[in-house]
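The sequence shown begins at 1074 in my numbering and counts up one residue at a time.
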Amino acid sequence: MFTDRSTIPGFCVHDRANRFLSATLADSLTIHSYAKLNLGLKVLGKRADGFHDLLSIFQEVDLQDDLHIDVDPGGDLSVIADRDDVPDGPGNLVYRAADALRLRAKRPDLGALVRITKRIPSGGGLGGGSSNAGAVLCALNHAWNLRLPEADLAAIGGEIGSDVPFSVGGGTALVTGRGEEVQPLKIVGDSPTYLLVDPGFSVETAWAFGSVNIKLTSECPYIRFLNSVRASGEVALLDFLETVENDFLPLICARYPSVQRILSTLEDSGALGASMSGTGATLYGGFSDPQIAEQASLILERLGYVTHLCTPVRRPGGQPDP
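Dropping the structure here:
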């Protein structure tokens, strides 16, 4: 299930988040591709297809990659990234998404050169590859003049990766299933400033899912909060941060003792809540005061950690005008 927002004027062309930085007709454009935070993550069980049923709030933040796209009238499809740890060509999710889009449109003659400027760390649970794939689906849908609805783009994205359907629409959303069920949420009240911390290691996703201890419960404050969010379609992020739980966090803390020290530093520095994004390894704290978040950033940088200060990205689909 995906809530379709394609009827909103200008969506995937010039939306309120200014996703498209520039466009000359449909031949050349540049688009933002935003990092994703998991504001909590519950693993509800393993499915017959090998995936896991999840429950989480996904939040885009304004740490972004840029995708520079030139339509290729000759039909060639090329993807080039500016970092050695990001594959070029068919090994990149962007290539797979673009190829799946032209096959869905029955237009194998369509081509493009996509150059990716990376800022989102790889292997940190921030969904950089999935975000790139969702962004290129929107961009090429526009550049190739395909006019597919957002729900179709999300369905294509779901074949590429579990987080891609969210990245097509972005913003703030309640995400269930293996990631394909996306309910856009309206942010009410003030938005937090997030301080992201790179703990200095990455986590293999397959290992994390194979090792996580699945606890079946519907009584924890986090799930109760999400049930109320599901019913209202709204989330007060500053209140929500205090309830956040991530089922992978005990596993990662046991393997990497530095994680708990970083989380304690975030909380001692004034974070309303501190946790880990996805299966890791990026850690984050949510702050009501940007200046306090900046002070916490300086403390952690003095301890040798790389940090990023971010704010939520608001999108159509229930989001208020900025």
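Backbone N, C-alpha and C fix where the C-beta goes; we use that ideal spot for every residue, glycine too. No experiment lies behind these values; they were computed from the predicted model shown.
{"Asked": "Integer Cβ distance of ALA1354 from PHE1274, believed to fall under 8 angstroms", "Found": "6 angstroms"}
{"Asked": "PHE1282 in three-state terms, based on DSSP", "Found": "helix"}
{"Asked": "Stretch-stretch touch, CB-based, cutoff 8 angstroms, three pairs: the stretch 1138-1158 with the stretch 1097-1115", "Found": "yes"}
{"Asked": "Buried or exposed (CB count within 10 angstroms, at least 16 for buried), ARG1175", "Found": "buried"}
{"Asked": "Three-way DSSP call (helix, strand, coil) for GLY1164 in this model", "Found": "helix"}
{"Asked": "Span separating the alpha-carbon of ARG1334 from that of ASP1172", "Found": "44 angstroms"}
{"Asked": "9 angstroms Cβ cutoff met for LEU1150 and LEU1183", "Found": "yes"}
{"Asked": "For THR1338, three-class secondary structure by DSSP", "Found": "helix"}
{"Asked": "CA-to-CA distance, SER1264 to GLY1358, given in whole angstroms", "Found": "13 angstroms"}
{"Asked": "According to DSSP, residues forming a beta bridge with VAL1379", "Found": "ASP1271"}
{"Asked": "Under 9 angstroms between C-beta atoms of LEU1382 and ALA1366", "Found": "yes"}
{"Asked": "Coil, strand or helix - ASN1218 by DSSP", "Found": "coil"}
{"Asked": "Beta-carbon gap between TYR1267 and GLY1113 smaller than 9 angstroms", "Found": "no"}
{"Asked": "Residue from SER1240, ARG1177, VAL1248 whose Cα sits closest to the Cα of ASP1138", "Found": "SER1240"}
{"Asked": "DSSP three-state assignment for ILE1260, whether helix, strand or coil", "Found": "strand"}
{"Asked": "Straight-line gap, ARG1328 to ARG1387 (C-alpha atoms, nearest Å)", "Found": "35 angstroms"}
{"Asked": "Rounded straight-line distance, which links the Cα of ASN1214 to that of ARG1220", "Found": "6 angstroms"}
{"Asked": "PRO1363 in three-state terms, based on DSSP", "Found": "helix"}
{"Asked": "Beta-carbon proximity check, VAL1261 vs ALA1304, cutoff 9 angstroms", "Found": "no"}
{"Asked": "Whole-Å CB distance - LEU1247 paired with VAL1302, under 8 angstroms assumed", "Found": "6 angstroms"}
{"Asked": "Inter-residue Cα distance where the pair is LEU1199 and ARG1120", "Found": "24 angstroms"}
{"Asked": "Alpha carbon of ASP1088 to alpha carbon of VAL1134, nearest angstrom", "Found": "Reliability fails at ASP1088, whose pLDDT of 42 lies under 50, so the model's placement of it is uncertain and the value that follows must be treated cautiously. When rounded, the distance between both Cα atoms is 16 angstroms."}
{"Asked": "Burial state of LYS1285, where buried means 16 or more other Cβ atoms lie within 10 Å", "Found": "Per the sequence shown, the amino acid found at residue 1285 is Val instead of Lys. VAL1285 should be labelled buried."}
{"Asked": "Alpha-carbon spacing of ILE1287 relative to LEU1128, whole angstroms", "Found": "12 angstroms"}
{"Asked": "Contacts around ASP1271, its chain only, beta-carbon distance under 7 angstroms, and the 5 residues preceding and following it disregarded", "Found": "PRO1194, GLY1197, THR1355, TYR1378, VAL1379"}
{"Asked": "Alpha-carbon to alpha-carbon, LEU1210 and LEU1186", "Found": "14 angstroms"}
{"Asked": "Coil, strand or helix - PRO1385 by DSSP", "Found": "strand"}
{"Asked": "Sub-9 angstroms separation of ASP1320 and LYS1115 beta-carbons", "Found": "yes"}
{"Asked": "Pair within 9 angstroms by beta-carbon distance, ILE1130 and THR1245", "Found": "yes"}
{"Asked": "Per-residue DSSP class, three states only, for LEU1318", "Found": "Rather than Leu, the amino acid found at residue 1318 in this sequence is Glu. Three-state DSSP puts GLU1318 in coil, outside helix and strand."}
{"Asked": "ILE1189 (DSSP reduced to helix, strand or coil)", "Found": "strand"}
{"Asked": "Rounded separation between ASP1158 and ASN1165 - CA only", "Found": "11 angstroms"}
{"Asked": "C-beta contact flag for GLY1234 and GLY1202 at 9 angstroms", "Found": "yes"}
{"Asked": "Cβ-based burial, ASN1300 [other Cβ within 10 Å; buried from 16]", "Found": "exposed"}
{"Asked": "Straight-line gap, ILE1372 to GLY1343 (C-alpha atoms, nearest Å)", "Found": "12 angstroms"}
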